[in-house]
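Number of protein chains: 2
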Amino acid sequence: MLPDSLKQIALFFERLPGIGEKTANRLALYLLRMPASDLQDFAKEICGICADTKRNHAIITVIESPLDLLSFEKGGIYSGVYHVLHGRIDPLNNIGPDDIYIEQLLQRLEKDKEGVLEVVLATNPDMEGEATAMYIQKKIKTQNSNQNIKITRLAYGLPMGASVEYADYGTLGKAMENRKSF
Amino acid sequence: MLPDSLKQIALFFERLPGIGEKTANRLALYLLRMPASDLQDFAKEICGICADTKRNHAIITVIESPLDLLSFEKGGIYSGVYHVLHGRIDPLNNIGPDDIYIEQLLQRLEKDKEGVLEVVLATNPDMEGEATAMYIQKKIKTQNSNQNIKITRLAYGLPMGASVEYADYGTLGKAMENRKSF
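In the order they appear, the protein sequences are chains F and P. Plus 362 on top of the position in the first sequence (first one is 1) and you've got this note's numbering. Plus 362 on top of the position in the second sequence (first one is 1) and you've got this note's numbering.
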């Protein structure tokens with residue numbers, strides 16, 4: 363799923379000893395992310411999916427990193443489009459809302475007022491990811507033209523193949539709280 | 363949370379080299395599970411929770427093993443009562459519905475017709491656990507007196523602290539499918 367140009371960089375890394383596919387991808391992406399100009403070039407690369415007319419453009423999944431996109435794409439579980447934040451709000455590391463691609467998401471929604479029906483916030487299920495999702499959710503809701511957009515969040519619960527016995531109680535608590543009717 | 367008598371056996375195992383608390387509990391329980399008569403004794407031991415009038419008897423969580431109970435209790439995330447199946451339906455290992463405590467669950471519901479409002483099926487999120495949950499759900503629904511009991515299932519999704527990048531696509535698919543509105 364990596365664009366060709368990135369794939370080349372990743373493949374180069376993969377030839378080095380002790381570096382597998384996942385690490386190679388990570389390194390390739392890291393290199394790209396360092397200077398801002400490269401970041402933008404990269405964002406354009408990724409947009410191959412957004413240009414695909416076969417995908418459902420009414421639903422945008424917001425993710426922290428392009429690697430998250432690969433997780434979704436590998437499973438073939440999603441046919442909508444993505445918005446990559448390139449980070450998450452993380453005050454301890456001096457990353458604020460303006461340091462990631464939130465404004466660009468709002469502009470994107472503004473541009474396609476009628477087209478987007480749902481934004482799925484798929485930031486990671488930890489403190490920073492949660493905070494980032496909350497922030498974005500509020501921003502979208504206060505932007506006047508977005509009143510009809512449905513905002514959702516990935517479900518928390520037991521992962522497939524897990525066991526109740528070894529589940530941490532935070533996860534078990536969420537699984538209980540969000541239990542579904544048969 | 364183990365009853366005193368069991369705790370004694372577990373503590374004995376824990377003194378042996380290389381055996382921690384979790385394994386000790388497991389071994390203690392395994393010993394007890396071997397002959398049917400001991401199994402029944404054990405079931406009575408566990409019932410300390412069921413006798414506790416401070417707990418919510420209107421909700422019964424159905425689990426595969428007493429160790430699952432410990433997971434719930436450790437987190438303090440649940441104040442209802444439990445029903446331990448002592449196994450799960452597993453045809454490859456010749457374990458059928460009659461080999462686990464399903465009939466006893468149905469009897470329990472029959473006995474307390476008005477009192478039980480919800481049964482939470484908390485079998486493991488894998489093939490056998492799913493099949494067991496489905497079977498029990500059907501059994502409860504076909505039992506005439508249970509028409510008003512709500513039957514639920516633990517939520518599937520991303521575990522707390524996980525990352526989208528490393529989530530398997532089965533889990534990610536469930537997290538997407540069961541996404542929640544903000």
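The beta carbon of each residue, even a glycine, is placed where N, CA and C say it ideally should be. This structure is a prediction, so every number in the text was calculated from the model and none was measured.
Of the listed residues P/I511, P/A372, P/D430 and P/E480, nearest to P/L447 (C-alpha basis): For the purposes of this step, residue 447 of chain P is identified with residue 85 of the second sequence, where counting begins at 1. For P/L447, the nearest C-alpha among the options comes from P/D430.
Whole-Å CB distance - P/Q505 paired with P/L467, under 8 Å assumed: On the second sequence, position 143 is the one that residue 505 of chain P refers to. On the second sequence, position 105 is the one that residue 467 of chain P refers to. Actually they do not touch by this definition, with Cβ atoms about 10 Å apart.
Short Cβ contact (7 Å threshold) for P/S507 with P/K475: The residue labelled residue 507 of chain P in the question sits at position 145 within the second sequence. The residue labelled residue 475 of chain P in the question sits at position 113 within the second sequence. Cβ atoms of P/S507 and P/K475: closer than 7 Å.
Under the three-state DSSP convention, the category F/N486 falls into: In the first sequence, residue 486 of chain F corresponds to position 124, counting from 1. Looking at F/N486 - three-state DSSP - the assignment turns out to be coil, as it is neither helix nor strand.
Under 7 Å between C-beta atoms of P/I439 and F/Y531: Indexing the second sequence from 1 puts residue 439 of chain P at position 77. Indexing the first sequence from 1 puts residue 531 of chain F at position 169. Yes; because the gap between Cβ atoms is below 7 Å, this pair is in contact.
F/T423, DSSP secondary structure in three states: Walking along the first sequence from the start, residue 423 of chain F turns up at place 61. Three-state DSSP puts F/T423 in a strand.
P/P487 beta carbon less than 7 Å from that of F/A484: By one-based count along the first sequence, residue 484 of chain F stands at place 122. By one-based count along the second sequence, residue 487 of chain P stands at place 125. Taking a C-beta distance under 7 Å as the contact criterion, F/A484 and P/P487 do not qualify as a contact pair.
Distance between beta carbons of P/N540 and F/A517, contact taken as under 8 Å: Residue mapping note: residue 517 of chain F aligns to position 155 of the first sequence, counting from 1. Residue mapping note: residue 540 of chain P aligns to position 178 of the second sequence, counting from 1. Correct: roughly 4 Å between the Cβ atoms.
Residue-level contact to chain F via CB, P/F375, 7 Å cutoff: Within the second sequence, the letter at position 13 stands for residue 375 of chain P. So, not an interface residue.
Proximity test, Cβ basis, 7 Å: P/M522 and chain F: For the purposes of this step, residue 522 of chain P is taken as the residue at position 160 of the second sequence. Closer than 7 Å to some Cβ of chain F, the Cβ of P/M522 qualifies, so yes.
Per-residue DSSP class, three states only, for F/S543: Translated into positions along the first sequence, residue 543 of chain F becomes position 181. It is a strand residue.
Pick from P/V526, P/K536 and P/T533 that is closest to F/V424, judged by C-alpha positions: On the first sequence, position 62 is the one that residue 424 of chain F refers to. Here the closest residue by C-alpha is P/V526.
Within-7 Å CB hit, F/P487 to chain P: Here residue 487 of chain F refers to the residue found at position 125 when the first sequence is read from its first residue. Chain P contact via Cβ: present.
Whether P/V478 touches P/I513 by CB criterion (7 Å): The sequence position of residue 478 of chain P within the second sequence is 116, counting from 1. The sequence position of residue 513 of chain P within the second sequence is 151, counting from 1. No. Outside cutoff.
Residue of F/S441, F/L393 and F/P521 minimising C-alpha distance to F/I371: Here residue 371 of chain F is taken as the residue at index 9 of the first sequence, counted from 1. Measuring from the Cα of F/I371, the nearest candidate turns out to be F/L393.
Integer-rounded CB distance, given that P/I502 should sit under 8 Å from P/I511: As a working mapping, residue 511 of chain P is identified with position 149 in the second sequence. As a working mapping, residue 502 of chain P is identified with position 140 in the second sequence. Right, the Cβ-Cβ distance comes to about 6 Å (below 8 Å), so this counts as a contact.
Alpha carbon of P/N456 to alpha carbon of P/I464, nearest angstrom: Looking up residue 456 of chain P in the second sequence gives position 94. Looking up residue 464 of chain P in the second sequence gives position 102. The alpha-carbon atoms of P/N456 and P/I464 are separated by roughly 16 Å.
Whole-angstrom distance between F/E426 and F/P453, CA atom to CA atom: Numbered from its first residue, the first sequence carries residue 453 of chain F at position 91. Numbered from its first residue, the first sequence carries residue 426 of chain F at position 64. Their backbone Cα atoms lie some 16 Å apart in a straight line.
C-alpha distance - P/R450 paired with P/A495, whole-angstrom precision: Stepping through the second sequence from its first residue, residue 450 of chain P is reached at position 88. Stepping through the second sequence from its first residue, residue 495 of chain P is reached at position 133. Looking at the two C-alpha atoms, the distance is approximately 9 Å.
Beta carbon of P/T415 nearer than 7 Å to that of F/M522: Position 53 of the second sequence, counting from 1, holds the residue named residue 415 of chain P. Position 160 of the first sequence, counting from 1, holds the residue named residue 522 of chain F. P/T415 places its beta carbon 7 Å or farther from that of F/M522.
Members of the segment 432-447 of chain P that neighbour chain F once the beta carbon cut-off is set at 7 Å: S433, F434, K436, G437, I439 and Y440
Range of the contiguous alpha helix (DSSP H) that encloses P/G442: Numbered from its first residue, the second sequence carries residue 442 of chain P at position 80. For P/G442, there is no enclosing alpha helix (DSSP H); the enclosing beta strand (DSSP E) has its first and last residue at G442 to V446.
Assigned secondary structure, F/Y531 (DSSP; H/G/I helix, E/B strand, else coil): Taking the first residue of the first sequence as position 1, residue 531 of chain F is located at position 169. Helix at F/Y531.
Beta-bridge partners of P/K512, as assigned by DSSP: For the purposes of this step, residue 512 of chain P is taken as residue 150 along the second sequence, with counting starting at 1. P/E480, per the DSSP bridge assignment.
7 Å Cβ cut-off: residues of chain P touching F/L429: Here residue 429 of chain F refers to the residue found at position 67 when the first sequence is read from its first residue. By Cβ distance, chain P contributes E527.
Alpha carbon of P/K542 to alpha carbon of P/G519, nearest angstrom: As a position in the second sequence, residue 542 of chain P is number 180, starting the count at 1. As a position in the second sequence, residue 519 of chain P is number 157, starting the count at 1. Rounded to whole angstroms, P/K542 to P/G519 spans 11 Å at the Cα level.
Min CB distance P/Q499 to chain F below 7 Å: Position 137 of the second sequence, counted from the first residue, corresponds to residue 499 of chain P. Yes, its Cβ sits closer than 7 Å to a Cβ of chain F.
Beta-bridge partners of P/Y518, as assigned by DSSP: The count along the second sequence starts at 1 and reaches residue 518 of chain P at position 156. P/Y518 is bridged by DSSP to F/L520.
Pair within 7 Å by beta-carbon distance, F/G442 and F/N418: In the first sequence, residue 442 of chain F corresponds to position 80, counting from 1. In the first sequence, residue 418 of chain F corresponds to position 56, counting from 1. It is a contact, given that the beta carbons lie within the stated cut-off.
Span of the alpha helix (DSSP H), counted from its first residue to its last, around P/K436: By one-based count along the second sequence, residue 436 of chain P stands at place 74. Start and end: P428 to G437.
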